[in-house]
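Here's the structure, in structure tokens; my notes come after.
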Amino acid sequence: MTVTIVTAANAGFGRTLAQFLLSVRRRGLHRQHRILAYDLGLTPEQRQDLSARFPWCEIIRFRFEDYPPHVAVEAKTFAWKPLIIAEVAERFGGIVFWLDSATLFHGDLREPLEVLARHHVYSLEGQSNIDQCCEPAVRDYLRIEPEFLHRQVRIGGVLGLATATPAARKLIATWRDLALDPRAFTAERSGHNADQTVLSVVLFRMEQAGELVLNPGDIDISSFRPVRWLSSRNKVLGGQPLWADPLVRLGYRAYKVGDRINLRWQDFYTRRLLGLHRWPKEHFQVFVMRPGDEAPTPVRAPALSYYADPFLMRRDGRLWLFVEEFEYVEQCGRLVAMELDEELRPGPVHPVLPLREHASFPYLFQIGDRLMMVPETCALGALDLYECVGFPGRWRRVRRFFHDVDAVDTKVFHRDGKWWLVTCMSADGEGARTLHVFSTDDLETGALTAHPVNEARHFADGSHGYGRGAGSLFLDADGPMRVIQKNTDYYGQAAEVRRIAPLAPEAYAETPVGRGHPLADLVSLVSPHHVAMCGGAVAFDVRDRLGFVSGLPGIGPRLAPIDPVAKRFLAGDASVTAAVADAVSRLEALGVHAAPGLPHASTQPCDG
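In structure tokens:
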């Protein structure tokens, strides 16, 4: 099967194109494959020089006059790229490799050809995600699926296509048709590159439909494990003499090697070293308890990790625990779920919503018979709504509430005909997180209305996460209650129960719930970081390590400067344990429960 390597350049990239063709010649690729270079505006002198030096390269003028104005190079949409690829595929067939002219070959095509034999489309992954790289207007016009927004872009500068296969033919045609649409291909801006944004979305949609499987592999930009057969972004200045080319290549290569070494060190330092640095001084212990139990049951995490942010729910009559598992060696939290048996012993651990970035606080609720979740994903700079499509681990993002925000510990509930989001957020991703409240008539599609209370900047002066959400949104006969973190000295120190009243589009206030209420009694007895409920069952976590002394075997827990209330509970004080059991029993008797979302009349959902 014939292989065609195609690239393109205008006058500003004429020297870069010459370097590309020199790289082709050094590797002998011109003796095995067809080489094409599209003229996007080369000068006559450049074209004559290239034809003389590289007679085996066919130079083809791209007919801009046949296409709309936004295809022009000056429009900076790169719409000409998919049009060239479609033209080459139609004219020559076989296997087509598109490579930007700033590419250098470090080897032959054996590696990508082997991938093409299996996948029919060869593409590489960048380090930025779609949400970071796509203009909002394009995102909205293309109606990019919310579940694609966190995925890493597929690079537009390297693409292999087995053009005889259905997957490659569909990709070529779809990308080409979108390239003719000026609303899909808009001008390049900081972080936005239309050709690879649209390419990525088309690839993700085809993968979702089962039409192809994307191959692994990173481009050699900001990756410490890139593919090694090519080097990208090796632009040569137009006036640079030929004798300087080896020095330029050496400079680019030295920079990228140094970058990879630095990235590997940063990865090792920020994940391994800093993560393990947290092990002796930061740890949380999750407990679960039901009415009638004599004492809370601890749910132990694996070695070199801890569980936090527990939420409970019942599924087919069985009790499930959803938590953040923070892994020290990865310096990252992930969401997991496990079934609890009648003795509250955990079963197998199931990954939930696997993301590359940190995730925590898996807030669960229902809309009818659908299980929904709003986890904390501030590492993505976003706040998202997910629907469970395969319990417990498979989830589909159905809406991105906010882009470019730092939002944590969000609670979602339905009351008085409206959906309410109560979160702690820095709207611009910078500065202190403060109380933010939003409402909407339709959680999945409705506009979010910001509450006037947001302007008050409650908790802006709090430290150690003071004011953040601390578990379920609770309800009793008197209305909703929000548990907040009450950290004056360290993160995870304590919690406080607050009554939300009034709750209306123009009015919102919180007042502390005093002792005597079983929920307030519970948090005052165990000093939790987080508390959640499902029916009568209660889950909470307590910080049990603070400072390096905490990690000392034997005496560490006694010497740790954690809150005295937490220390008494963790030490197993009999009077505290009995009081906790009484508080949990009174919760059920008083009818305290977690806000259920918007259940079907026929269902009795249970959530955190």
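At position 586 of the sequence shown the residue is numbered 585 (numbering that gives the first Met the number 0), and the sequence of numbers has no breaks. Think of the CB as a built atom: it goes at the ideal place given N, C-alpha and C, for glycine as much as any other residue. Treat the numbers as computed from the prediction; the structure is a model and nothing was measured.
Sequence-distant residues of its chain with Cβ nearer than 8 Å to residue 559 (five each side left out): 543, 544, 545, 546, 548, 549, 566
6 Å CB neighbourhood of residue 140 in its chain, flanking five on each side removed: 182
According to DSSP, residues forming a beta bridge with residue 394: 387
Residues that residue 423 bridges to, as DSSP identifies them: 407, 434
Residues near residue 589 in its chain [Cβ-Cβ closer than 7 Å; skip 5 each side]: 475, 517
Pick from 460, 374, 485, 1 that is closest to residue 608, judged by C-alpha positions: Any property of residue 608 remains undetermined from this structure, which presents the chain solely from 0 to 607.
Identity of the residues DSSP links to residue 284 by a beta bridge: 541
Burial state of residue 58 (16 or more Cβ within 10 Å): buried
Start-to-end residues for the alpha helix (DSSP H) that takes in residue 254: 244 to 266
Residue 481 - partner residues in DSSP beta bridges: 472, 497
Contact between the stretch 231 to 243 and the stretch 141 to 150 (3+ Cβ pairs under 8 Å): no
Beta-ladder partner(s) of residue 312, from DSSP: 319
Alpha carbon of residue 464 to alpha carbon of residue 449, nearest angstrom: 22 Å
Span of the alpha helix (DSSP H), counted from its first residue to its last, around residue 608: One cannot answer for residue 608 here, as it falls past the ends of the chain, which runs 0 to 607.
Whole-angstrom C-beta distance between residue 343 and residue 287, which should lie under 8 Å: 5 Å
Sequence-distant residues of its chain with Cβ nearer than 8 Å to residue 513 (five each side left out): 519
Given residue 265 as reference, the closest of 191, 359, 222 once Cα atoms are compared: 222
Distance, residue 280 Cα to residue 302 Cα: 15 Å
Close-in-space but distant-in-sequence residues of the same chain around residue 371 (CB under 6 Å, 5 per side omitted): 364, 386
Inside the stretch 77 to 111 only - alpha helix (DSSP H) runs reaching at least 4 residues: 79 to 91
Distance, residue 350 Cα to residue 606 Cα: Legend: pLDDT at residue 606 = 48, less than 50; position of this residue unreliable, value from coordinates given subsequently. Those two C-alpha atoms are separated by around 18 Å.
Straight-line Cα distance separating residue 316 from residue 389: 17 Å
Which residues DSSP lists as bridging residue 450, in chain order: Bridge partners of residue 450: none, in fact.
6 Å CB neighbourhood of residue 197 in its chain, flanking five on each side removed: 177, 183
Collapsed DSSP secondary structure at residue 417 in the structure displayed: strand
Residue of 13, 309, 446, 375 minimising C-alpha distance to residue 404: 375
Beta bridge counterpart(s) of residue 18 as assigned by DSSP: Note: residue 18 sits in no beta bridge, so no partner.
Of the residues 395, 456, 406, the one placed nearest residue 359, counting alpha carbons only: 406
Contact under 8 Å by Cβ, residue 494 with residue 528: yes
Endpoints, beta strand (DSSP E) assigned at residue 276: Not the beta strand (DSSP E): residue 276 falls in the alpha helix (DSSP H), residues 273 to 277.
Cβ-Cβ distance between residue 192 and residue 118 below 8 Å: no
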